[in-house]
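**Q** Take this structure first; my questions come after.
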């Protein structure tokens, strides 16, 4: 689990780093970013995971997410993984922004030719946490998870499958029911095959229908988001939570779109919301 | 002065726009960004200009500058111009990042082949302010100016030449004495010719030596900036101010480098500093 330091820059009193390592799960080098606030010597800090959306790498939120001021204020470590395996050996759908590289959908693929490298579920749930725990001053008893769009889907599903590990789950404009929308049907069908029972553990609404529960969920969704009606369908998540008696906070944000201008606007609130729960 | 809207996104309650227009000064289309916070109907707000550094366009600070939260809090409009003329008709030094496109140095060039298009001083001092005044809810009696590196040079020189217009001047890692350093000698020599008397109005230290004064100057400079010793030489500005009796606030920031990780860390302080002076 040797880490290579790609870059480290002082920011908001802490260190914004970018690192790479050879991943066993994906069989590729993987790059991720970590922000470590200034802290007392020896202190271990809570950690907030951020899963990114289609076409993104770790870099988008690292450059445009505006999380560092809030993470420094609340003493929270922020980890941003990549969204898929990378490299010339990794099969891709070159003309499709919503499948293949940049579109791992946080699943362990079971179909050829994807199953060898597209193991983002195990990478995010098992391997990368071990790397983070071994190399950064994190308190792994205090983890929260968030993400955007495809990464909002990732945050909700990873969090709902592991409620004992993630004390708090939030999402910006998440794909809440991938089994029901074009992006998700395409990705899950090709990564997992057409047996839809295998999709349910990768669908936040289906997970809740099947019994998953969490007491601390926050979702922000812009009303001017071009993907709201066809791909995101936030109302499905609201309905699933209501039917299950889950008290999720789902906020429709008037006039906001799908971009980092939206994410950055509410990022500080999400960091503070997680921090309150991680320090409780 | 027709404006074309390239994009508008809601952010922090306001609107982050990107616009283009046909510039008379540069003879090209020019792109710039403007953030307008939420405001009372009819209200005109103070404006903070941000001039960018080498290789940048309006986009770098717009995406990575983290100014919107502070501008929304303090009700300040933020304008970010490009750093040079653009387009296939504009002469360039294609292999040189520090000259030609992306490196206008905020001068009106007098030498061929640069003089026709490289008129960034007049563009920033005259033409773009007219465009901004005609199209946005700005109070042009309350203007401040800031910038980074080459744009810090721009902010200091534009501000020192026009102290009646800019109530406050700040800079991040500015080139303070271009006449004395490689970046500046190369650019001023080629844009203006080798008669160095013509360089003095484009050199913050020389302007102060020649009598320019301002009561509100703030400079932040990282001590881990790779360009500090050779290109920035902050101490020259400190000396020029001291010799002239100018009470500038020059802060050496321990461990910070030349990147937007540095700029974004101190951006909110700069916005607040300008706002206090623009609203005084």
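Residue numbers (the numbering used here), protein chains in the order written: chain G, 1 to 280; chain E, 1 to 280.
Just so it is clear, CB atoms sit at the ideal spot from N, CA and C, and this is done for glycine as well.
Computed from a predicted structure; not experimentally measured.
1) Identify each residue in the region 16-41 of chain E for which the Cβ-Cβ distance to at least one residue of chain G is less than 9 Å, and report them in chain order.
2) According to the neighbour-count rule (16 or more other Cβ atoms, all chains shown, within 10 Å of its Cβ), is residue 229 of chain E buried or exposed?
3) Once the 5 residues before and after residue 168 of chain G are set aside, which same chain residues still bring their CB inside 6 Å of it?
4) Whose Cβ in chain E lies nearer than 9 Å to the Cβ of residue 269 of chain G?
5) Can you tell which of G:13, G:136, G:100 and G:75 has its C-alpha closest to the C-alpha of residue 188 of chain G?
6) Given a limit of 8 Å on CB to CB distance, which residues of the region 61-72 of chain E reach chain G?
7) Quick one: list the residues of chain E neighbouring residue 265 of chain G, beta-carbon separation under 7 Å, in chain order.
8) Can you tell me whether DSSP reads residue 249 of chain E as helix, strand or coil?
9) I'd like to check one pair, residue 212 of chain E with residue 161 of chain E: are the Cβ atoms closer than 8 Å?
10) Confirm, please, whether the CB-CB distance from residue 74 of chain G to residue 33 of chain G is below 8 Å.
11) Taking 8 Å as the CB-CB limit, is residue 224 of chain G close to chain E?
12) For residue 257 of chain E, go through chain G and note every residue whose CB falls closer than 8 Å to its CB, in chain order.
13) Select from G:128, G:94 and G:72 the residue whose C-alpha is nearest the C-alpha of residue 20 of chain G.
14) Going by Cα to Cα distance, which pick from G:253, G:204 and G:231 is closest to residue 241 of chain G?
15) What residue range does the alpha helix (DSSP H) around residue 265 of chain G cover?
16) For residue 261 of chain G, decide whether its Cβ has a neighbour in chain E, counting only Cβ atoms nearer than 8 Å.
17) Which residues bound the beta strand (DSSP E) around residue 177 of chain E?
18) Residue 171 of chain E and residue 156 of chain E look like a contact to me (Cβ under 8 Å); what is the Cβ gap, rounded to whole Å?
19) So, helix, strand or coil for residue 114 of chain E, using DSSP?
20) Residues in its own chain within less than 6 Å of residue 154 of chain E by CB, not counting five upstream and five downstream?
21) Tell me the DSSP secondary structure of residue 221 of chain G in three-state form.
22) By the DSSP assignment, the beta strand (DSSP E) with residue 126 of chain G in it spans what residues?
23) How far does the beta strand (DSSP E) with residue 162 of chain G in it reach, from first residue to last?
24) Using CA coordinates, which residue listed in G:270, G:243, G:37 and G:70 is at the minimum distance from residue 210 of chain G?
25) Which runs of the beta strand (DSSP E) spanning at least 3 residues fall entirely within the region 186-216 of chain E, listed in chain order?
26) Which same chain residues, not among the five before or five after residue 175 of chain G, have their C-beta less than 7 Å away from its C-beta?
27) On a Cα-Cα basis, can you pick out the residue from G:199, G:113 and G:227 that is closest to residue 89 of chain G?
28) Can you give me the C-alpha to C-alpha distance between residue 28 of chain E and residue 118 of chain E, rounded to a whole angstrom?
29) Let me make sure I understand the geometry here. Which of G:25, G:199, G:56 and G:219 has the alpha-carbon closest to that of residue 130 of chain G?
30) Let me know the secondary structure DSSP gives residue 23 of chain G once reduced to three states.
31) Where does residue 5 of chain E land, buried or exposed, given buried means 16+ other C-beta within 10 angstroms?
32) So who's on the other strand from residue 150 of chain G, going by DSSP bridges?
**A** Walking through what the data contain:
1) 16
2) Within the second chain, the letter at position 229 stands for residue 229 of chain E. The residue is exposed, with fewer than 16 neighbouring Cβ atoms inside 10 Å.
3) Position 168 of the first chain, counted from the first residue, corresponds to residue 168 of chain G. Closer than 6 Å at the Cβ level, and outside the excluded window around residue 168 of chain G, lie 144, 216, 274 and 277.
4) Taking the first residue of the first chain as position 1, residue 269 of chain G is located at position 269. None at all; the shortest Cβ gap to chain E is about 11 Å.
5) Along the first chain, one-based indexing puts residue 188 of chain G at 188. The residue with the shortest Cα to Cα distance from residue 188 of chain G is G:100.
6) 63, 64, 66, 68 and 69
7) Sequence index remark: in the first chain, residue 265 of chain G carries index 265 (1-based). The contacting residues are 11 and 12.
8) Numbered from its first residue, the second chain carries residue 249 of chain E at position 249. Of the three classes helix, strand and coil, the one that applies to residue 249 of chain E here is strand, per DSSP.
9) In the second chain, the residue the question calls residue 161 of chain E occupies position 161. In the second chain, the residue the question calls residue 212 of chain E occupies position 212. Result yes, Cβ atoms of residue 161 of chain E and residue 212 of chain E sit closer than 8 Å.
10) Along the first chain, one-based indexing puts residue 33 of chain G at 33. Along the first chain, one-based indexing puts residue 74 of chain G at 74. Not closer than 8 Å, so no.
11) Counting from 1 along the first chain, the entry for residue 224 of chain G is found at position 224. Closer than 8 Å to some Cβ of chain E, the Cβ of residue 224 of chain G qualifies, so yes.
12) Here residue 257 of chain E refers to the residue found at position 257 of the second chain. Under the 8 Å cutoff, chain G gives 9 and 10.
13) For the purposes of this step, residue 20 of chain G is taken as residue 20 along the first chain, with counting starting at 1. Residue G:128 is the option with its Cα nearest to residue 20 of chain G.
14) In the first chain, residue 241 of chain G corresponds to position 241, counting from 1. If we check each option's Cα against that of residue 241 of chain G, G:204 comes out closest.
15) Counting from 1 along the first chain, the entry for residue 265 of chain G is found at position 265. Note, residue 265 of chain G: alpha helix (DSSP H), 260-278.
16) The residue labelled residue 261 of chain G in the question sits at position 261 within the first chain. Taking Cβ atoms only, chain E reaches closer than 8 Å to residue 261 of chain G, which makes this a yes.
17) Indexing the second chain from 1 puts residue 177 of chain E at position 177. Per DSSP, residue 177 of chain E belongs to no beta strand (DSSP E) and is neither H nor E.
18) Taking the first residue of the second chain as 1, we reach residue 171 of chain E at position 171. Taking the first residue of the second chain as 1, we reach residue 156 of chain E at position 156. Correct: roughly 6 Å between the Cβ atoms.
19) Reading the second chain from its first residue, position 114 is the one you call residue 114 of chain E. Correct three-state label for residue 114 of chain E: coil.
20) By 1-based counting over the second chain, the position of residue 154 of chain E is 154. Hits under 6 Å: 51, 106 and 147.
21) Against the first chain, residue 221 of chain G aligns to sequence position 221. Strand.
22) Sequence index remark: in the first chain, residue 126 of chain G carries index 126 (1-based). It is not in any beta strand (DSSP E) - residue 126 of chain G carries neither H nor E in the DSSP assignment.
23) As a position in the first chain, residue 162 of chain G is number 162, starting the count at 1. Looking at the DSSP string, residue 162 of chain G is not in any beta strand (DSSP E), and its letter there is neither H nor E.
24) Here residue 210 of chain G refers to the residue found at position 210 when the first chain is read from its first residue. Closest by alpha carbon: G:243.
25) none
26) Residue numbering aside, residue 175 of chain G sits at position 175 when the first chain is read from its first letter. Cβ neighbours of residue 175 of chain G beyond the five flanking positions: 149, 150, 152, 153, 181, 183, 184, 231 and 232.
27) For the purposes of this step, residue 89 of chain G is taken as residue 89 along the first chain, with counting starting at 1. Taking only the C-alpha atoms, the option nearest residue 89 of chain G is G:113.
28) By one-based count along the second chain, residue 28 of chain E stands at place 28. By one-based count along the second chain, residue 118 of chain E stands at place 118. Spanning the two alpha carbons is a distance of roughly 10 Å.
29) Numbered from 1 along the first chain, position 130 holds the residue referred to as residue 130 of chain G. The shortest C-alpha separation from residue 130 of chain G is found at G:25.
30) In the first chain, counting from the first residue as 1, residue 23 of chain G sits at position 23. In the structure shown, residue 23 of chain G sits in coil (DSSP, three-state: anything other than H, G, I, E or B).
31) For the purposes of this step, residue 5 of chain E is taken as residue 5 along the second chain, with counting starting at 1. Under this definition residue 5 of chain E is an exposed residue.
32) To locate residue 150 of chain G, count along the first chain from 1; it is residue 150. In the DSSP output, where bridge partners are listed per residue, residue 150 of chain G has none listed.
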